[in-house]
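For reference, the structure is listed below as structure tokens.
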Amino acid sequence: MIVGITGGSGSGKTLFLKQLMDTFSPEQVSLLSLDNYYKERQLQPKDDQGIENFDLPESLDRERFSRDLKKLKQGKDLTIQEYTFNNDSKVPQTIHIKSTPIIVVEGIFTFYYEEIKNLLDFKIFIEAPDYLMLTRRITRDATERGYDLKDVLYRFQHHVTPSFKKYIEPMKYDADIIVPNHNNFDVALDVVITYLKNRLQPNR
787 MIVGITGGSG
797 SGKTLFLKQL
807 MDTFSPEQVS
817 LLSLDNYYKE
827 RQLQPKDDQG
837 IENFDLPESL
847 DRERFSRDLK
857 KLKQGKDLTI
867 QEYTFNNDSK
877 VPQTIHIKST
887 PIIVVEGIFT
897 FYYEEIKNLL
907 DFKIFIEAPD
917 YLMLTRRITR
927 DATERGYDLK
937 DVLYRFQHHV
947 TPSFKKYIEP
957 MKYDADIIVP
967 NHNNFDVALD
977 VVITYLKNRL
987 QPNR
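Under this note's numbering, think of the first position of the sequence shown as 787, with each following residue one higher.
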């Protein structure tokens, strides 16, 4: 079974995923993140100011992602390299991904790429108010990607928000469940966990 999780940048996907993954053993559920399939920085499309835009569908290597997802679906394990964006001080890790009964796929364009969406058996969309997404984005980009506040605000206004409105938000209507993450997502998380546990039972 392949579960797709998407939502805007800063919507809370990472925390939702962590709590979801912590509920299951590595032999039951594995995770394939679209974040590790961005093209190299020099290949990224640039805006009118010459700034790399990582928030466009063409920013990612969708063919490699699709190919690797199909390998997992066929029962083959994967070894990939972590993508570190602009953080040159961060040493990329080697990530080993098992082919498990349930494979979770996450990323902002998980539903947008038609060939990926067609492989999904269950689709989850996480939504949050703009101000919360911006706050989380500031924290993440400062610590993980090495952007200062000016860069974060520029990218949020000129890259993140337009991309979300055009490519990502319309995809929530294709979701099997929409998770509102205004204060917390505890109830929705329990629903998803219960559903997946049932799917892991024999004869399901």
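For glycine and all other residues, C-beta sits at the position ideal for the given N, C-alpha and C.
Own chain residues within Cβ distance below 8 Å of residue i, not counting five before or after
i, result
"ASP907", "MET787, ILE788, VAL789"
"TYR981", "PHE908"
"ASP916", "THR947"
Cβ pair residue i, residue j closer than 9 Å
i, j, result
"LEU801", "GLU892", "no"
"ILE963", "ILE910", "yes"
"GLY793", "LYS958", "yes"
"ILE758", "ILE954", "Outside the shown range of the chain, which is 787 to 990, sits residue 758, and nothing can be said about it."
"ALA914", "ASN967", "yes"
"VAL978", "ILE889", "no"
"ASP847", "LYS862", "no"
Residue closest to residue i, alpha-carbon to alpha-carbon, out of the options
i, options, result
"ARG853", "VAL877, TYR899, VAL938, LEU829", "TYR899"
"SER885", "LYS856, THR870, ILE894", "LYS856"
"PRO878", "TYR823, GLN805, ARG926", "TYR823"
"PRO843", "PRO966, THR792, SER949, ILE889", "SER949"
"PRO887", "LEU975, GLU813, ILE837, GLN835", "GLU813"
"ASP960", "THR896, ILE837, SER875, LYS876", "THR896"
"MET919", "LEU905, ASN969, VAL973, LYS876", "ASN969"
Bridge-paired residues (DSSP) for residue i
i, result
"ILE910", "ILE791, ILE963"
"LEU864", "ILE883"
"GLU838", "LYS832"
"VAL891", "GLY790, LEU818"
CA-to-CA distance, residue j to residue i, given in whole angstroms
i, j, result
"ILE866", "GLU849", "15 Å"
"GLN828", "ILE902", "25 Å"
"LYS804", "ASP833", "33 Å"
"ILE881", "SER797", "24 Å"
"GLN987", "THR809", "15 Å"
"PRO831", "LYS799", "25 Å"
"TYR933", "SER845", "18 Å"
"LYS859", "PHE851", "12 Å"
"ILE883", "LYS983", "20 Å"
"ASP976", "PRO956", "25 Å"
"ARG926", "GLY836", "23 Å"
"VAL965", "SER819", "19 Å"
"ARG941", "MET807", "30 Å"
"ALA974", "LEU864", "30 Å"
"PHE971", "SER811", "21 Å"
Chain-order list of residues whose beta-carbon lies under 7 Å from that of residue i (same chain, five-residue window excluded)
i, result
"ASP821", "TYR869, GLY893"
"HIS944", "ASP833"
"ASN904", "none"
"ASN937", "The question names Asn, but residue 937 is Asp in the sequence shown. Around ASP937: no qualifying Cβ."
"LEU935", "ILE924"
6 Å CB neighbourhood of residue i in its chain, flanking five on each side removed
i, result
"VAL946", "SER795, ASP841"
"ARG985", "MET787"
"ARG922", "GLY796"
"LYS876", "THR870"
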